[in-house]
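Remarks on the structure that follows.
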Amino acid sequence: VALGRYPHTPWSGRLQRRDRAVVARTLERVGIAELADRPLLDLSDGERQKAMIARALAQEPRVLLLDEPTAFLDLPGRLEIMALLAALAHRGEGRAVVLSTHDLDLALRTADRVWLLRDGGLLAGAPEDLVLDGSLGRVFARPGIDFDLESGAFHRRRRGSWPASVSGEGAAAAWVRRALERIGCRVVASDDAAARVVVTSGGGVRRFVLEHGGERTVHATVGGLVDEVRRRRAGSGDAAITSSGT
Numbered sequence: 002v003a004l005g006r007y008p009h010t011p012w013s014g015r016l017q018r019r020d021r022a023v024v025a026r027t028l029e030r031v032g033i034a035e036l037a038d039r040p041l042l043d044l045s046d047g048e049r050q051k052a053m054i055a056r057a058l059a060q061e062p063r064v065l066l067l068d069e070p071t072a073f074l075d076l077p078g079r080l081e082i083m084a085l086l087a088a089l090a091h092r093g094e095g096r097a098v099v100l101s102t103h104d105l106d107l108a109l110r111t112a113d114r115v116w117l118l119r120d121g122g123l124l125a126g127a128p129e130d131l132v133l134d135g136s137l138g139r140v141f142a143r144p145g146i147d148f149d150l151e152s153g154a155f156h157r158r159r160r161g162s163w164p165a166s167v168s169g170e171g172a173a174a175a176w177v178r179r180a181l182e183r184i185g186c187r188v189v190a191s192d193d194a195a196a197r198v199v200v201t202s203g204g205g206v207r208r209f210v211l212e213h214g215g216e217r218t219v220h221a222t223v224g225g226l227v228d229e230v231r232r233r234r235a236g237s238g239d240a241a242i243t244s245s246g247t
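In the working numbering, the protein residues as written are 2 to 247.
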């Protein structure tokens, strides 16, 4: 981290009192003060990335320019790094953080402005505006892939979608919808559904009720529900079910 002070040191390269104070303050800001005496090679990928950010921050830049700072990190590590960078940009110190990334979801959740590069052109704006005007969907368009304006996520386009409805609130119902979409179902209003799923929760027990073809089955897990939906889709002649698990 002290190497970040090199542009501010005299020809001898020795750190002055102010340089040491900046280094100590930077370690605290990035949250790695307790790692100050650890060899760099002993750090985890996330800790090492924080150390690199701290080294850049020790230069006291007005613009912090980073290339793929979340690459090779697991999901919690990526979230932590992006939250750190957002905090550094919003401290009111006149500092901007500019970074490149292929992690679209994190960019949409944390960036104040997004620059989209395509065919030598530049589209810029708030992430929400770029979603709503269709720019994001067009830039990342691929055959068989659709961009969902509401969720901000990409989904595989499936043939022979089986219409199913989901009733219930909270996280369980949301994950049931995701599970049905994952296996090729199209989540619709109950009036248009071939099958209906009701999510219930009482006394600490969660149940997933499937109603289809005049029959009703009750399942304790989403996995059990999905297996039953697959079986019924196959029985109804929906060819898409044969490849839904791949």
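Think of the CB as a built atom: it goes at the ideal place given N, C-alpha and C, for glycine as much as any other residue.
**Asked** Assuming residue 230 contacts residue 186 under a Cβ cut-off of 8 Å, what Cβ separation, rounded to an integer in Å, is found between them?
**Response** In the sequence shown, the residue the question calls residue 230 occupies position 229. In the sequence shown, the residue the question calls residue 186 occupies position 185. The C-beta distance from residue 230 to residue 186 rounds to 7 Å, short enough to meet the 8 Å contact threshold.
**Item:** Selected residue, minimal CA-CA separation from residue 167, among 151, 182 and 44
**Value:** Counting from 1 along the sequence shown, the entry for residue 167 is found at position 166. If we check each option's Cα against that of residue 167, 182 comes out closest.
**Segments of 4+ residues assigned as alpha helix (DSSP H) that fall wholly inside the stretch 67-100** = Within the stretch 67-100, the complete alpha helix (DSSP H) runs of at least 4 residues are 76-90.
**For residue 235 and residue 241, the rounded distance between their alpha carbons** = Along the sequence shown, one-based indexing puts residue 241 at 240. Along the sequence shown, one-based indexing puts residue 235 at 234. Residue confidence for residue 241 is low, a pLDDT of 43 falling below 50, so the modelled location carries little weight and cannot support an answer.
**Message:** For residue 80, which residues in the same chain have their Cβ closer than 8 Å to its Cβ, ignoring the five residues on either side in sequence?
**Reply:** As a position in the sequence shown, residue 80 is number 79, starting the count at 1. The answer, listed in chain order, is 107.
**Message:** According to DSSP, simplified to helix, strand and coil, what is residue 9?
**Reply:** Taking the first residue of the sequence shown as position 1, residue 9 is located at position 8. Residue 9 carries a helical assignment under DSSP once its states are collapsed to helix, strand and coil.
**Prompt:** Taking C-beta to C-beta, are residue 24 and residue 59 nearer than 8 Å?
**Reply:** Along the sequence shown, one-based indexing puts residue 24 at 23. Along the sequence shown, one-based indexing puts residue 59 at 58. Yes. Within cutoff.
**Request:** Would you kindly work out how many angstroms separate the C-alpha atoms of residue 100 and residue 56, rounded to a whole number?
**Result:** Taking the sequence shown and counting its residues from 1, the one referred to as residue 100 is at position 99. Taking the sequence shown and counting its residues from 1, the one referred to as residue 56 is at position 55. Our two residues, residue 100 and residue 56, have alpha carbons roughly 16 Å apart in a direct line.
**Asked** In angstroms, rounded to a whole number, what distance separates the CA positions of residue 50 and residue 78?
**Response** Here residue 50 refers to the residue found at position 49 of the sequence shown. Here residue 78 refers to the residue found at position 77 of the sequence shown. About 10 Å.
**Message:** Quick check: the Cα distance between residue 262 and residue 225, rounded to an integer number of angstroms?
**Reply:** Because the chain is modelled from 2 through 247, residue 262 falls outside the range shown and cannot be assessed.
**CB of residue 200 within 8 Å of CB of residue 227, strictly** = Residue numbering aside, residue 200 sits at position 199 when the sequence shown is read from its first letter. Residue numbering aside, residue 227 sits at position 226 when the sequence shown is read from its first letter. No, these two residues do not count as a Cβ contact at 8 Å.
**Inter-residue CB distance, residue 65 and residue 41 (contact presumed, cutoff 8 Å)** = Along the sequence shown, one-based indexing puts residue 65 at 64. Along the sequence shown, one-based indexing puts residue 41 at 40. Rounded, the Cβ-Cβ distance is 20 Å, inconsistent with contact.
**Item:** Same chain, Cβ closer than 8 Å to residue 33, five either side skipped, listed in chain order
**Value:** Reading the sequence shown from its first residue, position 32 is the one you call residue 33. 48, 51, 52 and 55, listed in sequence order.
**Prompt:** For residue 2, is the classification buried or exposed, using 16 other Cβ atoms within 10 angstroms of its Cβ as the cut-off for buried?
**Reply:** As a working mapping, residue 2 is identified with position 1 in the sequence shown. With 16 or more other Cβ atoms within 10 Å, it is buried.
**Asked** For residue 54, does the three-state DSSP call read helix, strand or coil?
**Response** Residue 54 sits at position 53 when you count from the first residue of the sequence shown. In the structure shown, residue 54 sits in a helix (DSSP, three-state: H, G or I).
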